[in-house]
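A.B. asks:
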Amino acid sequence: MSTENPQAGDRAAVPVLSLLPTLDEPAPERADAARNRRRILDAAARIVAEDGPDAVTMNQVAHASGIGVGTVYRRFGDVSQLLWALLDDRERQFQEAYMSGPPPLGPGAPAAERLDAFLDALVDRVGAQRALLLAAHSAAPRARYHSGAYRVMHTHMALLIGQLRPGSDSTLLAHLALAPFSPDVMHHLTVEQELSAARLKAGVKELLTLRGQGLSGGSGSDGT
């Protein structure tokens with residue numbers, strides 16, 4: 007299930023990121039291209055570890071990797087796409103956990119339990135990668151919604167909601183349920199409001215049960 011397509015006028019202004027459209031392996035690369043990509047990402051990761059994500063620039067990454075700045079731009083386009091690429095490997099691990107890992111996060115548990123487990127895991131993931139996610143979001147605020155990572159999470163959430171609430175507008179509800187996990191919102195709650203992960207997890211679940219049974223209060227069938 008895909009997100010809505012941006013208007014034609016938006017496409018020039020917003021980079022459409024497609025890092026993680028599925029759990030399949032990335033498209034094969036030439037050996038030299040794969041080495042260059044690895045060197046660029048390793049250099050960017052070192053800069054993030056030493057100075058934080060705000061210190062990442064395309065010129066610095068090119069210098070640190072020993073690869074021409076033109077090549078860096080051709081591979082990643084801009085800083086926001088480079089930062090999202092740094093999250094790619096970890097995101098794949100997260101996807102594997104909720105798509106094919108053990109229950110209740112993975113298949114084998116009722117949809118309500120899987121939804122609760124997914125939301126808990128998402129709080130932990132955003133908290134652990136908060137600085138990098140926030141930097142990528144700040145560089146291109148709307149890029150998150152066109153990323154492969156978001157599309158996969160949205161599809162998973164919509165499938166679970168559809169099982170819990172047959173006939174509901176699960177596509178829309180999935181977007182709304184994921185909205186609190188925007189990096190800037192999570193930064194505000196965890197850093198500025200100093201809320202614990204446990205309180206955030208409880209709050210997200212309570213939000214989904216404000217009206218009657220809610221999304222996570224019913225019993226649903228297992229799904230992939």
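With our numbering, the residue at position 224 of the sequence shown is 230, and numbering never jumps. Backbone N, C-alpha and C fix where the C-beta goes; we use that ideal spot for every residue, glycine too.
(1) Cβ of A61 within 8 Å of Cβ of I73?
(2) Quick check: what's the CA-CA separation for R98 versus R36?
(3) Check this for me: beta carbons of Y104 and G114, under 8 Å apart or not?
(4) Compare the Cα-Cα distances from T177 to each of V78, V158, V129 and N42 and report the closest residue.
(5) Within the same chain, show all residues whose beta-carbon is closer than 8 Å to that of V132, passing over the 5 residues directly before and after it, in chain order.
(6) Could you check if G168 is buried or exposed, using at least 16 other CB atoms within 10 Å of its CB as the buried criterion?
(7) Along the chain, where does the alpha helix (DSSP H) containing L182 start, and where does it finish?
(8) Using the three-state DSSP reduction, which class does T77 fall into: helix, strand or coil?
(9) Taking all protein chains shown into account, do 16 or more other C-beta atoms lie within 10 angstroms of the C-beta of L29, making it buried, or fewer, making it exposed?
(10) Between which two residues does the alpha helix (DSSP H) carrying Q169 extend?
(11) Buried or exposed: where does P109 fall if 16 or more other Cβ atoms within 10 Å of its Cβ makes it buried?
(12) Using the Cα positions of A68 and R80, report the straight-line distance between them to the nearest angstrom.
(13) Does the Cβ-Cβ distance between A137 and G58 come in under 8 Å?
(14) For a test of the three-state rule: what should DSSP assign to V62, helix, strand or coil?
(15) Going by DSSP in three states, L92 sits in which element: helix, strand or coil?
(16) Drop a sphere of 10 angstroms on the beta-carbon of S106, count the other beta-carbons inside from all chains shown, and report buried for 16 or more, exposed for fewer.
C.D. replies: Taking the coordinates as given:
(1) no
(2) 22 Å
(3) no
(4) V158
(5) L139, F187, P189 and M192
(6) buried
(7) S176 to L184
(8) helix
(9) With a pLDDT of only 44 at L29, under 50, the local geometry of the prediction cannot be trusted, and no value is derived from it.
(10) G154 to L170
(11) exposed
(12) 12 Å
(13) yes
(14) coil
(15) helix
(16) exposed
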